[in-house]
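See below for the structure under consideration.
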Amino acid sequence: EMSQLIMNADLALYTVKNNMKSGFALFDFPMTDQLNEKSFIESVLRDAIDHDGFKMVYQPQVSLETGEVLAYEALLRLTRENIMPGAFIPVAEDNGMIVKIGRIVTEKVIAQLSLWIEQGLDVKPVSVNYSAMQIHDTHYVEFLETLLNQYHVPANLLEIEITENVFLENKQATITFLDRLKKNGIRIAIDDFGTGYSSFSYLTFLPIDKIKLDRTLNMKFLELDNIKVMDNLIALAHSLNLVVVAEGIEEKMHMKRLKVGKCDLIQGYYFSKPLEADDVFNDENCNFSLFL
Ligand code: C2E
Ligand code: MG
Ligand code: MG
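Below, the structure is given as structure tokens:
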């Protein structure tokens with residue numbers, strides 16, 4: 081049927097738009113009677129929640145000094161659908177499913193860390209994205225503490241990534257949340273720095289360990305003449321004792337320039353795409369010194 085085709089094409093387009101990784105999307109979902117993209121995604125998410133349809137992939141954060149991988153970001157994937165988080169996370173935030181999904185993500189990462197520890201591997205900290213909506217999950221910190229205990233995972237192997245927009249609505253609740261994480265020994269990173277409200281003032285009073293410079297910020301300044309802005313941003317972050325990660329770096333030239341600017345870590349396709357858990361400890365994925 082024609083309208084169904086248009087709707088499906090539209091959904092494929094929606095997936096592409098929200099998938100920075102590749103410029104195409106496969107029309108790989110079945111013909112359905114869904115009313116629109118959102119309800120289709122909702123049903124996919126509900127199914128994934130009920131039938132273990134999620135997995136995590138892990139993207140290395142590489143030291144610009146040594147080429148060693150010093151940390152990873154855990155990124156969510158659907159196992160049965162080719163829809164990326166850029167498309168389904170906003171839907172989950174809208175309808176509240178993010179609370180459930182956030183807990184699933186947290187447990188998957190802690191279980192994975194525990195497995196790597198058991199295997200005697202040289203485990204590095206892994207960060208988990210925390211959506212602003214999860215601040216409404218009032219018992220999340222207890223949930224986290226319980227899991228770390230159950231799985232015997234040291235808290236300092238876990239890092240939580242929050243974005244600046246968490247502060248806009250729930251400033252006090254967020255500060256309390258971060259303080260509790262910090263007391264437990266969990267690390268905290270500011271994600272997508274430079275895309276939103278971007279105030280430096282809160283970096284001075286929040287218990288933050290790391291800032292992640294957003295891909296769009298990096299592109300803006302690395303391509304233009306005002307590269308010095310990046311150098312100063314990095315220096316300012318260092319003066320606050322923050323580790324600086326540049327996200328979304330694909331070009332050698334950009335990596336080299338950030339190295340000159342004393343950026344600590346790069347997380348980007350230039351070094352590595354997000355990896356399946358089974359590939360994380362392959363030799364070629366642990367040290368990138370030849371790429372520096
Ligand atoms: P983010 O947290 O800023 O994650 C970085 C995104 O940039 C990832 O996309 C990663 O695959 C992509 N990326 C990394 N290097 C490059 C590069 O060199 N070039 C380009 N073009 N992209 C690069 P991904 O996995 O599609 O995730 C998109 C966003 O979805 C994430 O942005 C995050 O906001 C959200 N997300 C992903 N997983 C989770 C999760 O478990 N929970 C929550 N709440 N949000 C998640
Ligand atoms: Mg992130
Ligand atoms: Mg980011």
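Under my numbering, the very last position in the sequence shown is 372; numbers go up by exactly one each time.
Virtual Cβ for every residue (Gly too), placed ideally from N, Cα, C.
How many whole angstroms separate the CB atoms of residue i and residue j, which I take to be in contact at a CB cut-off of 8 Å?
i, j, result
"Leu345", "Val325", "4 Å"
"Glu241", "Asn264", "Contact doesn't hold; Cβ gap of about 16 Å is too wide."
"Ala151", "Gln141", "4 Å"
"Ser211", "Ile163", "Not really, about 17 Å apart at Cβ, beyond 8 Å."
"Leu261", "Val206", "With 8 Å as the limit, Leu261 and Val206 do not qualify as a contact, their Cβ atoms being about 15 Å apart."
"Ile314", "Leu286", "Between Leu286 and Ile314 the Cβ distance is about 19 Å, and since that is not below 8 Å, they are no contact."
"Val189", "Ala154", "5 Å"
"Ala253", "Ile215", "5 Å"
"Glu249", "Asn175", "Rounded, the Cβ-Cβ distance is 18 Å, inconsistent with contact."
"Glu187", "Leu227", "6 Å"
"Leu172", "Leu125", "One detail in the question is off: residue 172 reads as Ala in this sequence, not Leu. The pair is a contact, with the Cβ atoms about 6 Å apart (cut-off 8 Å)."
"Asp358", "Asn365", "With 8 Å as the limit, Asp358 and Asn365 do not qualify as a contact, their Cβ atoms being about 11 Å apart."
So is residue i buried or exposed if we call it buried at 16+ other beta carbons inside 10 Å?
i, result
"Val246", "buried"
"Asn321", "exposed"
"Phe273", "buried"
"Met111", "Residue placement at Met111 is flagged as unreliable, the pLDDT there being 46, under the threshold of 50; the coordinate-derived value follows with that caveat. Met111 is exposed by the Cβ-count criterion."
"Gln347", "buried"
"Asp363", "exposed"
"Val340", "exposed"
"Glu356", "exposed"
"Glu145", "exposed"
"Arg160", "exposed"
"Phe373", "Lying before the first or after the last residue shown, residue 373 is absent from the chain, which here runs from 81 to 372."
"Leu370", "exposed"
"Ser319", "exposed"
"Asp113", "Unreliable placement is indicated for Asp113, whose pLDDT of 47 sits below 50; the coordinate value is still reported in the next sentence. Label assigned to Asp113: exposed."
"Thr296", "exposed"
Look up residue i in the DSSP assignment and give the residues it is bridged to.
i, result
"Tyr138", "Ala154, Leu355"
"Arg267", "Glu239"
"Asn209", "Glu241"
"Ile291", "Ile270, Val324"
"Ile346", "Val142, Ala326"
Under three-state DSSP, which class holds residue i?
i, result
"Ser102", "Legend: pLDDT at Ser102 = 48, less than 50; position of this residue unreliable, value from coordinates given subsequently. Coil, per DSSP."
"Asp272", "strand"
"Thr254", "helix"
"Lys188", "helix"
"Glu367", "Checking the sequence shown, residue 367 turns out to be Asn, not Glu. In the structure shown, Asn367 sits in a strand (DSSP, three-state: E or B)."
"Val233", "coil"
"Val69", "Nothing about residue 69 can be reported from this structure: the residues present for the chain run from 81 to 372 only."
"Ile163", "coil"
"Val203", "coil"
"Glu148", "strand"
"Ser319", "helix"
"Leu372", "coil"
"Asp127", "helix"
"Thr218", "coil"
"Phe285", "helix"
"Asn116", "coil"
"Glu249", "helix"
"Phe168", "helix"
"Gly182", "helix"
"Asn306", "coil"
For chain D, find out if any of its Cβ atoms is closer than 7 Å to the Cβ of residue i; answer yes or no.
i, result
"Asn365", "Among the chains of the structure shown, chain D does not appear; only one protein chain is present."
Three or more C-beta pairs closer than 8 Å, one from the stretch 192-199 and one from the stretch 214-234: is that the case here? yes
Would you call the stretch 306-317 and the stretch 327-335 in contact, with 3 or more CB pairs under 8 Å? Output reads no: the stretch 327-335 does not touch the stretch 306-317.
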